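Using this note's numbering, the first residue of the sequence shown is number 2, and each one after it goes up by one.
Don't be surprised by glycine CBs; every beta carbon is placed ideally from N, CA and C.
Being a predicted model, the structure only gives us computed values, none of them experimental.
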Amino acid sequence: MPRDDLSTTFAALADPTRRAILARLALGETSVSELAEPFEMSLPAVTKHLKVLQRAGLVTQGRQAQWRPCRLEAAPLQEVAGWIEHYRQFWEQRLDRLEDYLHDLQAGQTRT
């Protein structure tokens with residue numbers, strides 16, 4: 002079965018802790034221990050969240066001597082944004098039609 006990257010990305014983004022980790026990484030690369038600081042969970046629990054983000058391609062982890070910095074990878078988020086953009090355009094067209102309809106209704110009421 003082919004891998005569904007979009008579903009993997011959405012699944013990774015479904016958890017608020019993982020979204021908070023991504024928000025922190027958007028500020029720049031950092032270590033796992035620094036990522037874990039604001040959360041009331043163990044370091045292994047944060048590491049599990051990072052593994053989900055890594056499988057989705059949202060986070061990479063480098064190696065610089067003893068420091069293993071984590072960094073945000075934007076490509077999967079661009080794919081999500083593209084998917085959402087299609088539906089944003091769809092809803093904007095629907096709302097434009099609704100606005101036209103309501104305008105026609107109001108114009109008809111003012112004439113009577």
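> Quick one, are the C-beta atoms of P77 and L99 less than 7 angstroms apart?
Replying inline: Counting from 1 along the sequence shown, the entry for residue 77 is found at position 76. Counting from 1 along the sequence shown, the entry for residue 99 is found at position 98. For P77 and L99, no; Cβs fall outside 7 angstroms.
> Would A37 be called buried (16 or more neighbouring beta carbons within 10 Å of its own) or exposed?
Replying inline: The sequence position of residue 37 within the sequence shown is 36, counting from 1. Buried, since its Cβ has 16 or more Cβ neighbours within 10 Å.
>> How far does the alpha helix (DSSP H) with L28 in it extend, from its first residue to its last?
In response: What you label residue 28 is simply residue 27 of the sequence shown in a count that begins at 1. L28 -> no alpha helix (DSSP H), and no H or E assigned at all.
> What is the rounded straight-line gap between the Cα of S32 and the Cα of A24?
Replying inline: As a working mapping, residue 32 is identified with position 31 in the sequence shown. As a working mapping, residue 24 is identified with position 23 in the sequence shown. Approximately 14 angstroms between the Cα atoms of the pair.
> Skipping 5 residues on each side, what residues in its chain have a beta carbon closer than 6 angstroms to that of R72?
Replying inline: Reading the sequence shown from its first residue, position 71 is the one you call residue 72. Hits under 6 angstroms: E30 and T61.
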